[in-house]
Structures are given as structure tokens and as C-alpha cells.
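Numbering (this note's numbering), first residue to last: 461 to 735.
Ideal Cβ positions, reconstructed from N, Cα and C, are used throughout, including at glycine.
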Amino acid sequence: MLSTPASPIRFPRLLLTGAGGNLGKELRPRLKAYCDVLRVSHRRDLEPATTGEEVQLASLEDKDQMMALLDGVSAVVHMGGVSTEQPWDPILAGNIVGMVNLYEAARIQGVQRIVFASSNHVTGFYRQDEVVNTRMPPKPDGFYGLSKAFGEDLAQLYWDRWGIETVSLRIGSSYAEPKDRRMLATWLSFDDLERLVVAALTAPIVGHSIVYGMSDNQTTWWDNTHAKHIGYRPLDSSDVFRSAVEARQQTVDGKDPATIYQGGAFVKASPHGPG
Ligand code: 15L
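Shown next as C-alpha cells:
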């Protein structure tokens, strides 16, 4: 949690979906500093509401529940849905049908801004020796990345057609520490995640913007030149973990697709099994 909130702007009621997921759990206590009421949602099993919170369980694929969930909300941080490579059916339900339900509910309930947890796996089939910017064509590395590319296109449609603003965050690897050599490039600290989400919520005009979610890592495959208007400035870096990571993983197999492509192990995960 940042010792001083990244912005003094406060929303009357902010909705956090996927509040029971890994990053949802991290953002839940942090987002309270930016709103009067934080409505937290997941399909099941959330910790009870604390002061300044409302808990409202909802399934993304249930239109009526989503309509009720977005009632009275000023902005949404959408962390819900499937977050790894999976068989098509759960991805279809959570990330395709669920996204349409979310945006339809936003349109009908008059919600003006959504921060969408997209993923670096939208461009996971670019190579690790390429630098990708947010205007280059998607190259998803599986059904999961493909569904996030759909989510970004849906956000673009709802901006062009209905004026709902979205910042699509192509989140890298947000963990307490980078776990391997790949994550020296893709790592996003939790504090930088908070800075990124808050910048996306509070930038004056975003239309539909795409930004890669990474810390200020020395090694990088992503170029956020076209997202400067969001005002996200990372303050952490994977470099403080570099020697420990390199000592743990001294060699890499240059013929392994997980080393060649930015998506890492996702590029060879089987959608029909555990991968
Ligand atoms: C993601 O999109 C996943 O949600 C997360 O589990 C990580 O694996 C991350 O990408 C990554 O690329 O490291």
C-alpha cells in the first residue's frame, strides 16, 4: 500500500470486480483511499465488508446480476474473469460473455469509465528480442490472450459508439517479486500496480487507451510511448532482484518457445489440459 495515496481524487462509489482473485485481493485495501464506498464483487466467497465497503456477489455471465452490480457506480476496476490459459468454455463465459454483460450494464447504468485488466498475453507471440508498442497488431498466445484482445476491441467499440472510456491494462507479471528470468522484463510491483490503476482511473481524458503494466525494469519488451497521457510513472524495478533471480536460474534454453516468445510458458500451455 502506498504511504501517500497516488491521487487525491475520490470517487463516490468505485466497483472492483474479481476482488477475490490474486490482484483483486491486493487492490481491495488499496482502492479504499480513492473512494467513499468501494463495492467489491466476485462470483463467490469474499471476505465480509469492512468500513467503507459493500460486498455484492455476481457472476459475469449473469446479465441481471451484472446490471444490479453496476447500479450507482461511478467507475469500474474490472479484474474479474479467467486470468490464465484454460479450455475455451470458461474463457467464453468469463471473458467474452462476461465482458459484453459488463459493458452493456455500464452503458445502461451510465458508468463513464472502466479500467480493464487486459494482459501481456494479447501480444505473447512477439519474440523476446522485439520491443512491442501498444499500436502494433495483437499476437495472442492462446485462448486467454485472444479473449483479452476481444476485451480490448469491445472497449474500443463502446468508446466509439457510446462514449464509455476504458484504459486497457496489459498487465505483465504482478507478484511480490519476479519469479524467473522472464519476469525481470515483465514484473509489475504491487505498488506500481496501484499507481497504474489510479492513473488510469484519474487521467482526465483517455478514450480507449492501452498501456503495458510493468515496473521500471531495465530489461523491457514493451514501449508505452503512446500511453504517456495516462501519466503512469512506475517507481519500482525488478533490478533489485536480478542477481538473486539469475543465481537461481543461471541458464535458459534458447530453443524453448517459452524462452523465445514474450508469453513464456503460456505459448505452449495446452487449452485442453493443465498445460
Ligand atoms: C497473466 O496474464 C496472468 O494472469 C498471470 O497469472 C501471469 O502469469 C502473467 O500473465 C504473466 O505473464 O506472467
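- Annotation for residue 643: 633 place their beta carbon closer than 6 Å to its own, counting only its chain and skipping 5 residues before and after.
- With distances taken between CA atoms, residue 461 lies nearest to 656 out of 638, 656, 699 and 544.
- As summarised for the segment 590 to 652, the continuous alpha helix (DSSP H) elements at least 4 residues long and confined to that stretch are 603 to 622 and 643 to 646, given in chain order.
- The beta carbon of residue 602 is closer than 7 Å to those of 545, 581, 726, 729 and 731 in its chain, skipping five residues each way along the sequence.
- Less than 9 Å divides the Cβ of residue 499 from the Cβ of residue 514.
- For residue 591, same chain residues with a beta-carbon under 8 Å away, outside a window of 5 residues either side, are 680, 681, 682 and 683 in chain order.
- Assignment of residue 502 by DSSP, reduced to helix, strand and coil, places it in the coil class.
- Relative to residue 639, the option among 472, 709 and 563 whose CA is nearest is 709.
- Beyond the five residues adjoining it in sequence on each side, residue 469 comes within less than 6 Å, by CB distance, of 662 in the same chain, given in chain order.
- Residue 674 has its Cβ no nearer than 8 Å to any heavy atom of ligand 1.
- Residues 555, 556 and 559 of the same chain have their beta carbon placed closer than 8 Å to that of residue 610, with the five preceding and five following residues left out of the count.
- Residue 620 and residue 463 have their alpha carbons spaced roughly 38 Å apart.
- In this structure, the CA atom of residue 692 is about 29 Å from the CA atom of residue 718.
- Going by beta carbons, residue 523 and residue 565 fall inside the 9 Å limit.
- A straight line joining the alpha-carbon of residue 690 with that of residue 659 spans about 6 Å.
- Sequence-distant Cβ neighbours of residue 509 in its own chain, meaning closer than 7 Å and more than five residues away, are 515.
- When DSSP states are grouped into helix, strand and coil, residue 691 belongs to the coil group.
- Selection 600, 720, 542 and 471 evaluated against residue 533 yields 471 as nearest (Cα-Cα).
- Shortest gap from the CB of residue 604 to any heavy atom of ligand 1: under 8 Å.
- With respect to the 9 Å criterion, residue 543 and residue 584 are not classified as neighbours on the basis of their beta carbons.
- In the structure shown, the three-state DSSP call for residue 544 is coil.
- Counting along the chain, residue 725 sits inside no alpha helix (DSSP H), nor does DSSP assign it H or E at all.
- Straight-line measurement puts the Cα of residue 594 at about 12 Å from the Cα of residue 668.
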